[in-house]
Amino acid sequence: MSVCLPCRYNEAGKPEEVVLFDMQGTRVCSLALDLNHFLNLNVEGEVRRANFDTIMATYYNSFTSVMNAGKLAVPFTLEELMQEYNDKGFYGVLYAIMYIPCMVSHDEDSAVFSDEKIRRAAVKNMVKENPLLRPKILSVVDEWIDRGVIT
9 MSVCLPCRYN EAGKPEEVVL FDMQGTRVCS LALDLNHFLN LNVEGEVRRA NFDTIMATYY
69 NSFTSVMNAG KLAVPFTLEE LMQEYNDKGF YGVLYAIMYI PCMVSHDEDS AVFSDEKIRR
129 AAVKNMVKEN PLLRPKILSV VDEWIDRGVI T
């Protein structure tokens, strides 16, 4: 589950600043895996592509601020973060293939994902019938083809 928490509002009551918090899993790993998971599943492809450098720089600046506030050394540069994100890109594709079918399915279809044979048939059917599935997965796959992760 990903949560968008408004942190600061303007005078009109509109949020000006938000914090994205992803509570789907906790593990010790490269933060690039979490970024791939979050960005490939939760940010529309055209938005992700058009704003990728800004998203990564914003993340890095926030990370750096937290490390500095804790009087800790920042363990990598923005360029190293970008490289790590690309190096872990295959996981972004896997996340998309595994999770997007569940994310775009209808509530009444959720039971089919408990049985592998039925799930495969349901996903094949969803590719034809569900207008959300194909473009969401293709946006991730196309992006990683362009980045050279998939050849």
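Its first residue numbered 9, the sequence shown is counted upward by one per residue in my numbering. Beta carbons: idealized from backbone N, C-alpha and C, even for Gly.
Asked, Found
"If we count the other Cβ atoms within 10 Å of its Cβ and call it buried at 16 or more, is residue 1 buried or exposed?", "The first residue shown for the chain is 9 and the last is 159, placing residue 1 beyond what the model contains."
"Would you mind listing the alpha helix (DSSP H) stretches within the segment 98-148 that are 4+ residues and don't spill past its ends, in chain order?", "124-137"
"With a threshold of 6 Å on Cβ separation, who are the neighbours of residue 48 within its own chain once the five nearest residues in sequence on each side are excluded?", "100, 103, 104 and 148"
"Would you report the Cα separation of residue 109 and residue 96, rounded to the nearest angstrom?", "21 Å"
"Determine, using beta carbons only, whether residue 35 and residue 25 come nearer to each other than 9 Å.", "no"
"Using the three-state DSSP reduction, which class does residue 55 fall into: helix, strand or coil?", "helix"
"How many angstroms separate the CA atom of residue 154 from the CA atom of residue 19?", "42 Å"
"To the nearest angstrom, how far is the alpha carbon of residue 73 from that of residue 85?", "13 Å"
"Just curious, the alpha helix (DSSP H) that residue 46 is in, first and last residue?", "39-50"
"In three-state terms, what does DSSP make of residue 85?", "coil"
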